Structure formats: structure tokens, C-alpha cells
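**Student:**
There are 2 protein chains.
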Amino acid sequence: MFSIGQLSKQTGVKVPTIRYYEQVGLLVSAGRTEGNQRRYDKDGLERLGFIRHARDLGFSIEAITALIDLQQHPDRSCQQATEIAQHQLTDVREKLLRLKALETELVRIADGCDGEGNSDNCYVLASLADHQHCRGEH
Amino acid sequence: MFSIGQLSKQTGVKVPTIRYYEQVGLLVSAGRTEGNQRRYDKDGLERLGFIRHARDLGFSIEAITALIDLQQHPDRSCQQATEIAQHQLTDVREKLLRLKALETELVRIADGCDGEGNSDNCYVLASLADHQHCRGEH
DNA sequence: CTTGAAGCTCTAGTCACTAGAGGTTGTAGA
DNA sequence: TCTACAACCTCTAGTGACTAGAGCTTCAAG
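Chains G and Z, in that order, are what the protein sequence lines are.
Going by the numbering used here, the first sequence opens with residue 32, and the numbers climb by one from there.
Going by the numbering used here, the second sequence opens with residue 32, and the numbers climb by one from there.
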């Protein structure tokens, strides 16, 4: 049996975050000692590991809730889990595209200036003021 | 002179967002009609355009406040503006790296499953449960 | 002069935590 | 067995950048 602090150390999830996960229903309410402190078993450890991993991969709390739900109903099709993962992948790819465009634009802006003028003729400020300067869309 | 709605249409920034920008000090308080409605001139339009563009590039409100501050003090060095932009670029590049790693991992997870099993032997769920499956770090 | 779209302020909600106050419990050492 | 104190508890509020809604007022066209 682990205390919340031990669970925290083993998973790398902060103590208040674990309590938060319980509050929003991601983690099932833990058992308590007589003095009302949470105690976890191996099962709780694994569940939190799952959540941690999924959060690291950018899944929303909502998506993780759905995944855990699927886990607990082995009769349901695995297809739904795959769909959630595919959706997350699409999401990540969209963000990647957007960030790549931002990078291009920022390189143009940030490297276009030698930093030696004053802000009256600053290339950075001028670029931000005038969208026309941009090559791409955003 | 524009109303807040006209300003919104011209810049693509939503009306409540314009009010929010004023509230947090990003936009100087607009002049008002006798009936207390905001009125903007060309200057306000340009300032909002600047903010919009910078937000689109992912600059924080704080960073934009600093940039506007620099704009209003033409005696100050342009170097600070360049530094802010460089910082933003570094930030974007970090996010890009992270997202690329996520993409790789998600491709492995989401495409590794044919979606035809049940959640008992689902590759997606197994991968999320066990960090060992991962090739990279995250 | 009427009507209704657009404006106003203020409060609260979003997501996923994080911080802090103020009190209680568990456990190691004396 | 006692004591000290780290770790725990609950509750509220704050973060960033908005967004939504209630309830009211003003503007401008017909």
C-alpha cells in the first residue's frame, strides 16, 4: 500500500495533481486510512501510470476518461480506442503544421533585424505591424 | 471613427476579445460617445492589427505588452524587440520538437492496431498502459 | 417615434492544473 | 510513551486568454 506521496514519486505525477485527477473522476476514489489519508495499491499505481502516459502524449482528460471507460468494458470494441488515438494524431499533426508556419515566419522576423537600430525603424516591430510582410498564411 | 463591431470586422478580432484586451491594458482605453460606447480611429485599428498578428504568431499578452511599450519609446534599442522575437522562436522550436516526438509515438500506437479486437487485447490501450513500449522519450 | 441590432458592465465558466491557508495524521527517534 | 515534524487533509482562489450569459442602455434606420 502506498501513500499519495509514494505514488507521486513512483509516477512523477505531483500530489495535488493526483488529488485533482480523483476530483474530476479520472482516478477512482482511493481507499482511506482511519485518519482519512489515501492509500493506493498496485492497481492504483498502474492506473495513474496509464493516465500519466496518455497526458504526456497530449490526450485530454476527456479522452482519457473515455479510454479508461473502454478498458473497464472489455466487451466493447477496440475500434473506439483506435479512433480516439487517431483523433489525437490528427490534432497533433495540425498543430505541427501550424507551428512550422510560425517558425518560418518568426525566423524571417527575428533574424531580419540586426538589433542595432532603434525601435523607430525596427524590423521586428514593422513586421508585426504589417501583415503584408508575411509570405505565408496564419 | 469605428464602433467596436466595425473594428472587430476589420481585424477579425471578436468584440469581447477587444474589450478583454482593453481590460488587461493591451489596448489603450478607447474614446467614448456621450452614450458610453467605444469609438476607435485609424490608430486604434493599427494597434489592434499589430496585436492580432502577434497573437497569431503565439506571442503572449505579456510579450506583446512589452513590444508595444518599445514601440512607444522610439529612443530605446530595437535589440529588446529582437530578443523577444528570438525568445518566441526558441519557444516555438521547442514545441515543434516535442510535437514531432508525440507524432512518432502516436503513429506507432494508433496505426499499430487494426481496430478489430476487443479492448482486452487492444494495442492502443496496452501501449498507453506500458511506457516500456515507447521507443523515444517524452 | 419605434424597433431591434449592437453596445454596455459584471460575473462566471473553460482547461489542467498550481498555490496557499489552516488544520490533522503518521511515524521515527528519544 | 512522548514529541517533533513531514506529510497528509480540505477548501478556496489563481493561472492564461479568452468565452458565455444576464440584464440593461444606446444608436441608427425606417
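By construction, the Cβ of each residue, glycine as well, lies at the ideal position given by its N, Cα and C atoms.
Fair warning: this is a prediction, and the values are worked out from it, not measured in the lab.
Determine the DSSP secondary structure at residue 78/Z, reduced to helix, strand or coil.
**Tutor:** For the purposes of this step, residue 78/Z is identified with residue 47 of the second sequence, where counting begins at 1. Three-state result, residue 78/Z: helix.
**Student:** What does the alpha-carbon distance come out to for the pair residue 64/G and residue 38/G?
**Tutor:** As a position in the first sequence, residue 64/G is number 33, starting the count at 1. As a position in the first sequence, residue 38/G is number 7, starting the count at 1. If I take the Cα positions, the gap works out to 15 Å.
**Student:** Is the CB of residue 92/Z under 8 Å away from at least one CB in chain G?
**Tutor:** The count along the second sequence starts at 1 and reaches residue 92/Z at position 61. No, its Cβ sits nowhere closer than 8 Å to a Cβ of chain G.
**Student:** So for residue 36/Z, helix, strand or coil by DSSP?
**Tutor:** Mapped onto the second sequence, residue 36/Z falls at position 5. Helix at residue 36/Z.
**Student:** Work out the CA separation of residue 80/G and residue 60/G for me, nearest whole Å.
**Tutor:** If you number the first sequence from 1, residue 60/G lands on position 29. If you number the first sequence from 1, residue 80/G lands on position 49. Their backbone Cα atoms lie some 16 Å apart in a straight line.
**Student:** Between residue 35/Z and residue 69/Z, is the Cβ-Cβ spacing less than 8 Å?
**Tutor:** Position 4 of the second sequence, counted from the start, is the residue given in the question as residue 35/Z. Position 38 of the second sequence, counted from the start, is the residue given in the question as residue 69/Z. Yes; because the gap between Cβ atoms is below 8 Å, this pair is in contact.
**Student:** Is residue 54/G buried or exposed, if buried means 16 or more other CB atoms sit within 10 Å of its CB?
**Tutor:** Residue mapping note: residue 54/G aligns to position 23 of the first sequence, counting from 1. Looking at its Cβ environment, which holds fewer than 16 other Cβ atoms inside 10 Å, residue 54/G is exposed.
**Student:** In terms of residue numbering, what span does the alpha helix (DSSP H) encompassing residue 131/G cover?
**Tutor:** Along the first sequence, one-based indexing puts residue 131/G at 100. Element bounds for residue 131/G: 110 to 142.
**Student:** When the Cα of residue 41/G is compared with those of 67/G, 153/G and 72/G, which residue comes out closest?
**Tutor:** Against the first sequence, residue 41/G aligns to sequence position 10. Taking only the C-alpha atoms, the option nearest residue 41/G is 72/G.
**Student:** Among 84/Z, 153/Z, 74/Z and 133/Z, which has the Cα closest to the Cα of residue 112/G?
**Tutor:** As a working note, residue 112/G is residue 81 in the first sequence. Nearest option by C-alpha distance: 153/Z.
**Student:** Is the beta carbon of residue 83/Z less than 8 Å from the beta carbon of residue 138/Z?
**Tutor:** Translated into positions along the second sequence, residue 83/Z becomes position 52. Translated into positions along the second sequence, residue 138/Z becomes position 107. Their beta carbons are not under 8 Å apart, which means residue 83/Z does not touch residue 138/Z by this criterion.
**Student:** Evaluate residue 128/Z with the Cβ neighbour count: other Cβ atoms within 10 Å of its Cβ, from every protein chain shown; 16 or more gives buried, anything less gives exposed.
**Tutor:** As a first step, residue 128/Z must be located in the second sequence, where it is residue number 97. So residue 128/Z counts as exposed.
**Student:** Using 8 Å for Cβ pairs, my map puts residue 99/G next to residue 116/Z. What's the rounded Cβ distance?
**Tutor:** On the first sequence, residue 99/G is found 68 positions in, with the first residue counted as 1. On the second sequence, residue 116/Z is found 85 positions in, with the first residue counted as 1. In fact, because the Cβ distance is near 42 Å, the residues do not count as touching under 8 Å.
**Student:** Along chain Z, which residues have their Cβ under 7 Å away from the Cβ of residue 116/G?
**Tutor:** Taking the first sequence and counting its residues from 1, one reaches residue 116/G at position 85. Within 7 Å Cβ-Cβ: 137, 140, 141 and 155.
**Student:** Considering only their Cβ atoms, is the gap separating residue 157/G from residue 77/Z smaller than 8 Å?
**Tutor:** Working through the second sequence from its first residue, we reach residue 77/Z at position 46. Working through the first sequence from its first residue, we reach residue 157/G at position 126. No. Outside cutoff.
**Student:** Compare the Cα-Cα distances from residue 133/Z to each of 86/G, 163/G, 114/G and 131/G and report the closest residue.
**Tutor:** Residue 133/Z sits at position 102 when you count from the first residue of the second sequence. Nearest of 86/G, 163/G, 114/G and 131/G to residue 133/Z, Cα basis: 86/G.
**Student:** Could you tell me which residues DSSP pairs with residue 62/G in its beta bridges?
**Tutor:** The residue labelled residue 62/G in the question sits at position 31 within the first sequence. Per DSSP, 70/G.
**Student:** Please tell me whether residue 69/Z has its Cβ less than 8 Å away from any Cβ of chain G.
**Tutor:** Position 38 of the second sequence, counted from the first residue, corresponds to residue 69/Z. No, residue 69/Z does not count as interfacial toward chain G.
**Student:** Using a C-beta cutoff of 8 Å, does residue 86/Z count as contacting chain G?
**Tutor:** Here residue 86/Z refers to the residue found at position 55 of the second sequence. No, residue 86/Z does not count as interfacial toward chain G.
**Student:** What does the Cβ neighbour count give for residue 75/G, buried or exposed, with the cut at 16 atoms within 10 Å?
**Tutor:** In the first sequence, the residue the question calls residue 75/G occupies position 44. Looking at its Cβ environment, which holds 16 or more other Cβ atoms inside 10 Å, residue 75/G is buried.
**Student:** Can residue 90/Z and residue 119/Z be called in contact, C-beta distance under 8 Å?
**Tutor:** As a working mapping, residue 90/Z is identified with position 59 in the second sequence. As a working mapping, residue 119/Z is identified with position 88 in the second sequence. Yes, the Cβ-Cβ distance between residue 90/Z and residue 119/Z is below 8 Å.
**Student:** Near residue 144/G, what residues of its chain come up, given a Cβ to Cβ distance below 8 Å and the 5 sequence neighbours on each side ignored?
**Tutor:** Translated into the one-based positions of the first sequence, residue 144/G becomes position 113. 153, 154 and 155.
**Student:** Could you tell me how far apart the beta carbons of residue 92/G and residue 58/G are, in whole angstroms, since I believe they sit closer than 8 Å?
**Tutor:** If you number the first sequence from 1, residue 92/G lands on position 61. If you number the first sequence from 1, residue 58/G lands on position 27. Residue 92/G to residue 58/G, Cβ: 11 Å. No contact.
**Student:** Inspect the beta-carbon positions of residue 130/G and residue 130/Z and report whether they are closer than 8 Å.
**Tutor:** In the first sequence, residue 130/G corresponds to position 99, counting from 1. In the second sequence, residue 130/Z corresponds to position 99, counting from 1. Yes, the pair counts as a contact, with Cβ atoms nearer than the cut-off.
**Student:** What is the DSSP secondary structure of residue 84/Z, reduced to helix, strand or coil?
**Tutor:** By one-based count along the second sequence, residue 84/Z stands at place 53. Residue 84/Z falls in the helix class under three-state DSSP.
**Student:** In angstroms with no decimal places, state the Cα-to-Cα distance between residue 103/G and residue 67/Z.
**Tutor:** Sequence index remark: in the first sequence, residue 103/G carries index 72 (1-based). Sequence index remark: in the second sequence, residue 67/Z carries index 36 (1-based). Spanning the two alpha carbons is a distance of roughly 58 Å.
**Student:** Checking contacts by CB at 8 Å: is residue 124/Z closer than that to chain G?
**Tutor:** Translated into positions along the second sequence, residue 124/Z becomes position 93. It does; some Cβ of chain G falls within 8 Å.
**Student:** Restricting to Cα atoms, I'd like to know which of 46/G, 163/G, 52/G and 125/G is closest to residue 136/G.
**Tutor:** The residue labelled residue 136/G in the question sits at position 105 within the first sequence. Nearest C-alpha to residue 136/G: 163/G.
**Student:** Along the chain, where does the alpha helix (DSSP H) that runs through residue 159/Z open and close?
**Tutor:** On the second sequence, residue 159/Z is found 128 positions in, with the first residue counted as 1. Start and end: 154 to 160.
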